[in-house]
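Letter by letter, the sequence shown follows residues 1 to 453 in full-length UniProt numbering.
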Amino acid sequence: MSEYEYTPSSGSSSPSPSNHQQPTTGKRRPIPRKGHTKSRAGCPNCKRRKVKCDEVTPFCGPCKRLGLECEYPQTRGAHRSEAQQRAAIVVTSPIPQPLSMHPGSFGFTDLRFFQHFLISAFPPLPVGGRRVWQYISQMSHEYDFLIHSMLGLGASHLSLLSPGDFKHSALQHRVTAIERLNKFLSKPKLSIPDTEAAFAAILTLTFQAAHMPDGLIDFLTMTRGCFLVGTHVVDDLENSTFKTFERDVYIEKASWVAASDEQRLPLLDESIADGFCTSLEQLGPLCHSVIDIEHIAMMRRIVTSATTNLYECFREHSFLHEKAGRLSAAEFASFIDPNNHIARLVIVHMLLLDIIMSRTICAWEEGPEVAFHETRHRYDARNVMALMWMQNIHDTLPEMYRPYIEWPLSFSKYMKTTFRADTSFWKFSATDEGLAPQPLQLDGSEIGSDFML
1 MSEYEYTPSS GSSSPSPSNH QQPTTGKRRP IPRKGHTKSR AGCPNCKRRK VKCDEVTPFC
61 GPCKRLGLEC EYPQTRGAHR SEAQQRAAIV VTSPIPQPLS MHPGSFGFTD LRFFQHFLIS
121 AFPPLPVGGR RVWQYISQMS HEYDFLIHSM LGLGASHLSL LSPGDFKHSA LQHRVTAIER
181 LNKFLSKPKL SIPDTEAAFA AILTLTFQAA HMPDGLIDFL TMTRGCFLVG THVVDDLENS
241 TFKTFERDVY IEKASWVAAS DEQRLPLLDE SIADGFCTSL EQLGPLCHSV IDIEHIAMMR
301 RIVTSATTNL YECFREHSFL HEKAGRLSAA EFASFIDPNN HIARLVIVHM LLLDIIMSRT
361 ICAWEEGPEV AFHETRHRYD ARNVMALMWM QNIHDTLPEM YRPYIEWPLS FSKYMKTTFR
421 ADTSFWKFSA TDEGLAPQPL QLDGSEIGSD FML
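As structure tokens, this is what we get:
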């Protein structure tokens with residue numbers, strides 16, 4: 001008998017190949033090894049780790065298990081058979097899970113974006129909403145549009161503060177978030193967590209637009225979207241995570257601000273309020289649209305109350321951007337039309353007022369209960385971008401309209417001289433660095449009698 005022949009035990013029904021020999025215990029014949037062709041098309045991560053790659057696309061098994069970013073060489077697709085490609089699709093078909101995009105698609109850079117969002121870049125609303133955003137971030141693994149919106153804002157904010165160029169990543173996450181949010185909102189029935197996730201995403205996308213040089217129209221449109229989603233999708237705002245957006249709760253927060261230490265949170269200097277109101281009055285005669293006139297009246301009330309009563313100032317300001325949500329689609333399209341020069345003059349004043357109001361909110365957020373490193377750079381990027389938008393509007397306006405935003409532009413330059421480098425916040429007063437610039441005296445004749453809206 002051959003040395004490697006295996007003789008079955010007596011319990012086996014298989015006959016012995018040699019009838020004249022008694023069964024003996026022989027050595028087990030080695031099982032032949034399966035033929036093996038060394039893979040040369042695996043992903044770089046598996047090659048570096050010296051483990052076998054299953055070559056599944058878009059994310060191989062080992063990378064998927066470890067959460068690594070899996071990238072194949074460009075040429076590998078040419079070596080794969082059609083059967084292998086079909087197998088890859090079967091293997092990567094998701095087992096029901098919250099995210100519709102596999103976690104392996106997020107790399108280490110995305111983790112940096114997410115961390116930056118949580119620490120520095122989360123939206124400044126609701127007022128004092130740090131814990132709100134910490135809670136919302138825990139929902140992000142269930143809603144792909146929400147995580148992409150957070151990563152987009154984190155990337156946009158980080159690109160303004162660091163030498164790295166993350167604009168492309170920020171735009172990719174933004175586009176993905178918008179596409180998936182639109183698809184999600186088309187669902188016939190949404191649960192309460194669904195509506196909160198949708199509202200959080202659109203609010204995050206709004207403030208990402210506030211970090212983009214060409215994001216003004218997006219910012220205004222998304223601001224309107226926040227109102228529409230908040231009123232038509234979030235049915236019970238009062239009992240939701242974003243309950244501080246409910247007006248009474250917001251005003252309650254504002255009353256705390258109004259009652260706080262005036263040295264930490266001073267009222268707006270009257271000379272600044274006078275300059276702002278004078279600029280609005282000069283713009284008034286040009287406005288033939290009811291919408292523009294109402295915006296001017298609201299801004300005047302906000303600025304006036306900022307000198308005497310911060311509670312009332314917050315209450316009035318809560319209506320300003322809400323107004324865009326109450327416009328019809330046609331009215332809103334006309335208001336943001338780049339050829340509507342009068343509306344653009346109004347928008348410049350709105351942007352400046354937002355900066356003034358954010359200075360109030362900043363002071364509240366900068367209270368002793370909040371660590372300094374958690375507030376640093378939270379608001380400056382948004383305000384810097386608002387100043388850039390104001391300058392862009394000025395530069396693209398016909399010459400005859402430019403005098404009507406001379407005061408806002410001059411005041412914005414004055415603000416830059418009072419920028420606090422230690423905290424990245426503006427803290428301005430007409431008595432700090434000399435009087436703020438005075439508005440020009442205009443009577444409407446500068447643009448002639450043939451101007452058109």
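Backbone N, C-alpha and C fix where the C-beta goes; we use that ideal spot for every residue, glycine too. Here the structure is a predicted model, which is why all the values come from computation and not from measurement.
{"Asked": "When the Cα of residue 148 is compared with those of 211, 170, 305 and 70, which residue comes out closest?", "Found": "170"}
{"Asked": "Taking contact to mean at least 3 C-beta pairs separated by less than 8 Å, is the stretch 170-180 in contact with the stretch 332-352?", "Found": "no"}
{"Asked": "Give a yes or no on contact between the stretch 381-399 and the stretch 283-297, applying the rule of three or more CB pairs nearer than 8 Å.", "Found": "no"}
{"Asked": "Compute the beta-carbon to beta-carbon distance between residue 404 and residue 320, rounded to the nearest angstrom, for a pair I have assumed lies under 8 Å.", "Found": "No, residue 404 and residue 320 are not in contact; Cβ-Cβ is about 20 Å, not under 8 Å."}
{"Asked": "When the distance is taken between beta carbons, is residue 273 closer than 8 Å to residue 306?", "Found": "yes"}
{"Asked": "Identify the continuous alpha helix (DSSP H) that holds residue 281 and give its terminal residues.", "Found": "270-283"}
{"Asked": "What residue range does the alpha helix (DSSP H) around residue 182 cover?", "Found": "167-185"}
{"Asked": "Answer yes if the stretch 209-219 comes into contact with the stretch 154-162, meaning at least three C-beta pairs across the two stretches below 8 Å, and no otherwise.", "Found": "yes"}
{"Asked": "For my contact list, residue 279 and residue 407 are in at a C-beta cut-off of 8 Å; report their separation, rounded to the angstrom.", "Found": "4 Å"}
{"Asked": "Select from 414, 230 and 338 the residue whose C-alpha is nearest the C-alpha of residue 126.", "Found": "230"}
{"Asked": "Can you tell me whether residue 294 is helix, strand or coil according to DSSP?", "Found": "helix"}
{"Asked": "Use the C-beta contact count for residue 56: other C-beta atoms within 10 angstroms, 16 or more gives buried, fewer gives exposed.", "Found": "buried"}
{"Asked": "With respect to the alpha helix (DSSP H) encompassing residue 51, which residues constitute its N-terminal and C-terminal limits?", "Found": "Where residue 51 is concerned, there is no enclosing alpha helix (DSSP H), given that its DSSP letter is neither H nor E."}
{"Asked": "Given that a residue counts as buried once 16 or more other Cβ atoms are within 10 Å of its Cβ, and exposed if not, what is residue 303?", "Found": "buried"}
{"Asked": "Could you tell me the distance, in whole angstroms, from the CA atom of residue 343 to the CA atom of residue 313?", "Found": "23 Å"}
{"Asked": "Measure the C-alpha to C-alpha separation of residue 220 and residue 60 and round it to an integer number of angstroms.", "Found": "42 Å"}
{"Asked": "Under a Cβ-count criterion, where at least 16 other Cβ atoms within 10 Å of its own Cβ denotes burial, should residue 111 be classed as buried or exposed?", "Found": "exposed"}
{"Asked": "Exposed or buried, which one is residue 333 when buried takes at least 16 other CB atoms within 10 Å?", "Found": "exposed"}
{"Asked": "Pull up the distance between the alpha-carbon of residue 144 and that of residue 194, whole angstroms please.", "Found": "12 Å"}
{"Asked": "Compare the C-alpha of residue 116 against each of 203, 329, 358 and 161 and name the closest.", "Found": "161"}
{"Asked": "Does the Cβ-Cβ distance between residue 198 and residue 181 come in under 8 Å?", "Found": "yes"}
{"Asked": "Reducing DSSP to helix, strand and coil, say where residue 321 ends up.", "Found": "coil"}
{"Asked": "Anyone know if the C-beta pair for residue 348 and residue 390 falls short of 8 Å?", "Found": "yes"}
{"Asked": "Out of 222, 196 and 216, which one is the CA nearest neighbour of residue 205?", "Found": "222"}
{"Asked": "Going by C-alpha to C-alpha distance, which of 392, 411 and 217 sits closest to residue 275?", "Found": "411"}
{"Asked": "Near residue 293, which residues of its chain fall below 8 Å by C-beta distance, leaving aside the five closest residues on each side in sequence?", "Found": "284 and 287"}
{"Asked": "What is the rounded straight-line gap between the Cα of residue 382 and the Cα of residue 207?", "Found": "8 Å"}
{"Asked": "I need the DSSP call for residue 159, collapsed to helix, strand or coil.", "Found": "helix"}
{"Asked": "Taking residue 108 as the reference, give the member of 151, 409 and 357 with the closest Cα.", "Found": "151"}
{"Asked": "I need the DSSP call for residue 401, collapsed to helix, strand or coil.", "Found": "helix"}
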